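Only one structure is covered here, and it is reproduced in the block below.
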Ligand SMILES: [Zn+2]
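Numbering (this note's numbering), first residue to last: 6 to 128.
Okay, here's the thing in structure tokens:
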């Protein structure tokens, strides 16, 4: 059974020759991954040349960008509302649950621009 590269060569001791020599014996990184759109089940393959694709098609990239932006905007709206006083306990609890659901969804969309690290957006 192949070992992981990081167990064959410890990071603190890694050199280019040692790491290169260990590659054939290490678990290989996958050459196919699911499309980044969380609702898509298609696969993207590592290309022979050029930049690897994150999405199976342009429509998936657009759907990903749109849904992620809408989830972020919804999350900001709810977070701002909860920062202000007012509302009943039940209303506040409902909004807290809705905020948590949107953040749970957002985890699947990653954080390429660091927006989720904004202090107003704690996960
Ligand atoms: Zn897709």
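Each residue gets a CB set at the ideal place from its N, CA and C atoms; glycine is no exception. Given the structure is predicted, the values throughout are model-derived calculations rather than measurements.
Output the distance between the C-alpha atoms of residue 112 and residue 38, rounded to the nearest integer angstrom. Start at 1 with the first residue of the chain shown, and residue 112 comes out as number 107. Start at 1 with the first residue of the chain shown, and residue 38 comes out as number 33. Computed Cα separation, rounded: 18 Å.
Boundaries of the beta strand (DSSP E) in which residue 48 is found, first to last residue: Along the chain shown, read from residue 1 onward, the residue named residue 48 stands at position 43. Per DSSP, the continuous beta strand (DSSP E) segment holding residue 48 begins and ends at 48-50.
Can you give the Cα-Cα distance for residue 26 and residue 7, rounded to whole angstroms? The count along the chain shown starts at 1 and reaches residue 26 at position 21. The count along the chain shown starts at 1 and reaches residue 7 at position 2. Their backbone Cα atoms lie some 14 Å apart in a straight line.
If we ignore side chains and look at the alpha-carbon of each, how far apart do residue 99 and residue 76 end up? Here residue 99 refers to the residue found at position 94 when the chain shown is read from its first residue. Here residue 76 refers to the residue found at position 71 when the chain shown is read from its first residue. When rounded, the distance between both Cα atoms is 17 Å.
Fully enclosed by the stretch 48-87, which beta strand (DSSP E) runs are 3 residues long or longer? DSSP runs (the beta strand (DSSP E)) wholly in the stretch 48-87: 48-50.
Rounded C-alpha distance that separates residue 51 from residue 65: Sequence index remark: in the chain shown, residue 51 carries index 46 (1-based). Sequence index remark: in the chain shown, residue 65 carries index 60 (1-based). Going by C-alpha positions, residue 51 is about 18 Å away from residue 65.
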